[in-house]
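Trainee: I'd like to ask you about the structure that follows.
In our numbering, the protein residues as written are 48 to 263.
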């Protein structure tokens, strides 16, 4: 699964974009709850839009998955949405719902306006000690919430850490996460290598089972 298939990799792109394309026929129910805005980014498997929750005026991000995705990509998209809905924590990206419109599965999550840690590092190269410490503690808190739920992230990297305008860090992109909870589907073939090589734990590189420590 490529990074472009994740919510975080697209949310972290430049905020300027085109108006939403007309290929998705929105239902009256959707239009009554969300006002779709500009495109935040386009990936291999979907498009992310900036939107506004009509009732509250709250900004949100909406990711539509394309109809041409494989069964594996769809399964991981749905698992990511399920996990992010269940793991409610200030340092984990919040997902409000996962639904479908005319064959287009979509995910509604909070809009994070500060970009990714990867972008921050590109601009600064080095972070001040206080800022780095805050981000590290936030990420550890988010990971702890995931681990307490029985979830191993498997792809923690700067691009999957989103920052708010105030500097709060949020763990995002559970697209290739391993859910060890009872009854969860096994989407990974034994020996399959998933993740980003530069940030993989040694056991991931070997294709061995991952554990909580693999995220650290």
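Quick reminder that beta carbons are idealized off the backbone N, C-alpha and C, glycines included.
Since the structure is predicted, the reported quantities are computational estimates derived from the model, not experimental observations.
For residue 126, count neighbouring C-beta atoms within 10 Å of its own C-beta (all shown protein chains included) and say buried if the count is 16 or more, exposed if not.
Mentor: buried
Trainee: Between the alpha carbons of residue 246 and residue 75, how many angstroms are there, rounded?
Mentor: 43 Å
Trainee: Using 10 angstroms around the beta-carbon of residue 119, count the other beta-carbons present and answer buried if the total reaches 16, otherwise exposed.
Mentor: The residue in question, residue 119, is exposed, as its Cβ has fewer than 16 Cβ neighbours within 10 Å.
Trainee: Do the segment 132–140 and the segment 206–218 make contact, defined as three or more Cβ pairs closer than 8 Å?
Mentor: By the Cβ test, the segment 132–140 is in contact with the segment 206–218, since at least three Cβ pairs between them sit closer than 8 Å.
Trainee: Between 98, 189, 87 and 153, which lies nearest to residue 122 when the distance is taken from Cα to Cα?
Mentor: 153
Trainee: If you measure between the beta carbons of residue 164 and residue 182, is that distance less than 9 Å?
Mentor: yes
Trainee: Would you mind stating whether residue 96 and residue 110 have Cβ atoms separated by less than 9 Å?
Mentor: Against a cut-off of 9 Å, the Cβ pair of residue 110 and residue 96 comes out as a contact.
Trainee: Can you say whether residue 251 is buried or exposed, counting buried as having 16 or more other CB atoms within 10 angstroms of its CB?
Mentor: buried
Trainee: If you measure between the beta carbons of residue 158 and residue 108, is that distance less than 9 Å?
Mentor: yes
Trainee: Helix or strand or just coil, what does DSSP make of residue 246?
Mentor: helix
Trainee: Can you list, in chain order, the residues of its chain with a C-beta nearer than 8 Å to that of residue 186? Leave out the 5 residues immediately preceding and following it.
Mentor: 138, 203, 208, 216 and 218
Trainee: Given this structure, state the Cα-to-Cα distance separating residue 20 from residue 98, to the nearest angstrom.
Mentor: What the structure shows of the chain is the stretch from 48 to 263, and residue 20 is not part of that stretch, so it cannot be assessed.
Trainee: Would you identify the three-state DSSP class for residue 120, choosing helix, strand or coil?
Mentor: If DSSP states are grouped into helix, strand and coil, residue 120 belongs with the helices.
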